[in-house]
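In full-length UniProt numbering, the protein residues as written are 1 to 373.
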């Protein structure tokens, strides 16, 4: 059987980078051939396949922000690369990769799989920007592209808001490899043994300010320490979060940890009481999938991604409308009720094992690729 050749186009950072590497390192190289087109400065780590062999990759001017010159150059270079490589499918990732991939795919007559990793308009902090980004997504919808959504929530949004036809949307859930032995911390421990945690940069998306307000209310009843892990990259609201911590006199109850290794993240989450998310939007958050794999219950906001991972009253709690009082009560309940916490912990791991283990799920993606070309 002839291999299917996939050209991945992306700005390879954060969860998008994790997603791509998990695919590359798990698909059957006898069925799927991959190449990668990515940004000049997004990652220096090589891309490897299931056998540890380096995957061919090309660098061009793909960046996170809009830049007419660099974006035009990226489209031109990607066109030249793919004209030479002749892929069967373009798999375009996130907003910038999606725009480049759809334009180049149309010019070359190549089918497009587009994974939004949370649609770009969800990040807009004003109605004007939201409408502009949504209009761009709508204008590039359908045609020669099919959405490969990371969750059912992303699928529903693609159909109901962006305007994709139902038959033009497929779901392949974000998933990860099982987490092995927990490694010792490589960073100094400066926080108490009992804590709750989250992973995510202070940003509009992650809404860490709400988390600080929840912690402030908890302090009045049952003080608990919070670790915010991974504040180093693109933390556009870090100073705002620091100011709020100081204003609420919460310095002794919050530790902000810079970007660190995945091994350290696993260690920190594994030792916590539970995982917390106050996100405004997500695609399908790896941090919560990892917490499930580490048998941790979660208390999360009711947004895309979160609601696809947490089953309310089974492996955690979902709090609607950013209700601070309910967040506080649910966290307290799991802190104080050890039996329920153990029950939710067991259910968390079961959720991971049943639905989000890439070793069990990768054959579905291989079939999607094979049937799509």
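Note that beta-carbon positions come from the ideal geometry of N, C-alpha and C, so glycine has one too.
| Check | Outcome |
| --- | --- |
| With DSSP collapsed to three states, give me the class of residue 316. | strand |
| CA-CA distance, residue 187 and residue 264? | 8 angstroms |
| With a 10 Å radius around its C-beta and 16 neighbouring C-beta atoms as the bar for buried, classify residue 193 as buried or exposed. | exposed |
| Determine the burial state of residue 330: buried for a count of at least 16 other Cβ atoms within 10 Å of its Cβ, exposed for fewer. | buried |
| How many Å lie between residue 91 and residue 8 at the Cα? | 5 angstroms |
| Confirm, please, whether the CB-CB distance from residue 229 to residue 199 is below 8 angstroms. | yes |
| Suppose the cutoff is 8 angstroms on Cβ atoms and the five residues either side in sequence are ignored; what does the same chain contact list for residue 173 look like? | 150, 151, 284, 308, 355, 356 and 361 |
| Smallest Cα separation from residue 286: which of 352, 34 and 113? | 352 |
| Does the Cβ of residue 367 have 16 or more other Cβ atoms within 10 Å, making it buried, or fewer, making it exposed? | exposed |
| Would DSSP call residue 226 helix, strand or coil? | strand |
| Expressed to the nearest angstrom, what Euclidean distance is found between the alpha-carbon atoms of residue 11 and residue 289? | 22 angstroms |
| Taking C-beta to C-beta, are residue 210 and residue 250 nearer than 8 angstroms? | no |
| Taking only the alpha-carbon atoms, compute the straight-line gap between residue 217 and residue 226 and give it to the nearest angstrom. | 13 angstroms |
| Give the DSSP-derived three-state secondary structure of residue 95 in the structure shown. | helix |
| When the Cβ atoms of the region 120-139 are set against those of the region 72-87, are three or more pairs found closer than 8 angstroms? | no |
| With DSSP run on the structure shown, which of helix, strand or coil describes residue 140? | coil |
| Return the residue from the list 78, 80 and 25 that minimises the CA-CA distance to residue 53. | 25 |
| In this structure, does DSSP put residue 60 in helix, strand or coil? | strand |
| Applying the 10 Å Cβ sphere with the 16-neighbour rule, what's the burial state of residue 119? | buried |
| Counting only runs of 4+ residues fully inside the region 227-260, write out the alpha helix (DSSP H) ranges in chain order. | 238-247 |
| Please say whether residue 101 and residue 410 have beta carbons closer to each other than 8 angstroms? | In the structure as shown, the chain starts at 1 and stops at 373, and residue 410 therefore has no counterpart that could be examined. |
| Look at the alpha carbon of residue 341 and the alpha carbon of residue 335, and state the distance between them as a whole number of angstroms. | 7 angstroms |
| Mapping the DSSP letters down to three states, classify residue 449 as helix, strand or coil. | Residue 449 is absent from the model: the chain starts at 1 and stops at 373. |
| How close, in whole Å, do the beta carbons of residue 302 and residue 319 come, if the pair is a contact with beta carbons under 8 angstroms? | 7 angstroms |
| So, is residue 97 buried or exposed, given that buried needs 16 or more other C-beta atoms within 10 angstroms? | buried |
| Just grab the DSSP bridge partners of residue 9 for me. | 37 and 92 |
| With distance defined between alpha-carbon atoms, name the residue in 372, 20 and 206 nearest to residue 237. | 206 |
| From which residue to which residue does the beta strand (DSSP E) around residue 115 run? | 111-115 |
| Candidates 326, 43, 267 and 370: which alpha carbon is nearest residue 185's? | 267 |
| In whole angstroms, give me the CA-to-CA distance for residue 409 and residue 108. | Beyond the ends of the chain as shown, which are 1 and 373, falls residue 409; an answer cannot be given. |
| Tell me the DSSP bridge mates of residue 275? | 197 and 298 |
| Measuring straight from C-alpha to C-alpha, what distance separates residue 93 and residue 273? | 34 angstroms |
| Using the DSSP secondary-structure output, state which residues sit across from residue 32 in a beta bridge. | 4 |
| Using the C-alpha atoms, what's the distance from residue 147 back to residue 324? | 35 angstroms |
| Would you kindly work out how many angstroms separate the C-alpha atoms of residue 313 and residue 326, rounded to a whole number? | 14 angstroms |
| Skipping 5 residues on each side, what residues in its chain have a beta carbon closer than 7 angstroms to that of residue 258? | 231 and 232 |
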